[in-house]
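Chemist: In the working numbering, the protein residues as written are 931 to 1080. The C-beta atom is built at its ideal place from N, Cα and C for all residues, glycine as well. A quick note: this is a predicted structure, and the numbers were derived from the prediction, not measured.
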């Protein structure tokens, strides 16, 4: 990334896979570097990454909500604030609220929607299902802080 990628027009990189925000020492380098800092160095203004292993389903729900908040034409918010709002939503949203919300999304096929609802019902016994920080707190936002009216 440091040698080959140049992203001067990139506003946001999302590394939603497991542990993409971890850093470590490399031979010959006397500071911590990581995947996120590589994308910032390459020119991206913002990077969202994770600090530990994250579940696919809860990450998908979080990221869909994040994008929905970030691109809300009626109430635009910064990248940092959209992530924070999505995480706060994850803490308290109930199964019923998630199902109701999922039905408002523009899925191309209804089978995907039905599969998500079944998966939620079968695999998450608590309500709210994502209140534990393991589902949402791994994600952090790096980069330029924008001013916002929100």
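Would you list the one or two residues that DSSP bridges to residue 976?
Modeler: Residue mapping note: residue 976 aligns to position 46 of the chain shown, counting from 1. Its beta-bridge partners are 942, 1073.
Chemist: On the DSSP letters alone, give me the boundaries of the alpha helix (DSSP H) that residue 1041 sits inside.
Modeler: Numbered from its first residue, the chain shown carries residue 1041 at position 111. Residues 1040-1053.
Chemist: In three-state DSSP terms, what is residue 964?
Modeler: Walking along the chain shown from the start, residue 964 turns up at place 34. Correct three-state label for residue 964: strand.
Chemist: What does the Cβ neighbour count give for residue 1017, buried or exposed, with the cut at 16 atoms within 10 Å?
Modeler: As a first step, residue 1017 is located in the chain shown; it is residue number 87 there, counting from the start. Burial call: buried.
Chemist: Are there three or more Cβ pairs, one per stretch, closer than 8 Å when the segment 1053-1064 is compared with the segment 1003-1022?
Modeler: Touching, yes, given that three or more Cβ pairs across the two stretches are closer than 8 Å.
Chemist: Could you check which residue in 1055, 971, 944 has the C-alpha nearest to that of residue 996?
Modeler: Residue mapping note: residue 996 aligns to position 66 of the chain shown, counting from 1. Comparing Cα positions, the closest option is 944.
Chemist: If you draw a straight line from the alpha carbon of residue 964 to that of residue 950, how long is it in whole angstroms?
Modeler: By one-based count along the chain shown, residue 964 stands at place 34. By one-based count along the chain shown, residue 950 stands at place 20. If I take the Cα positions, the gap works out to 8 Å.
Chemist: Report the CB separation of residue 999 from residue 1069 in whole angstroms; it is logged as a contact under 8 Å.
Modeler: In the chain shown, residue 999 corresponds to position 69, counting from 1. In the chain shown, residue 1069 corresponds to position 139, counting from 1. No, residue 999 and residue 1069 are not in contact; Cβ-Cβ is about 13 Å, not under 8 Å.
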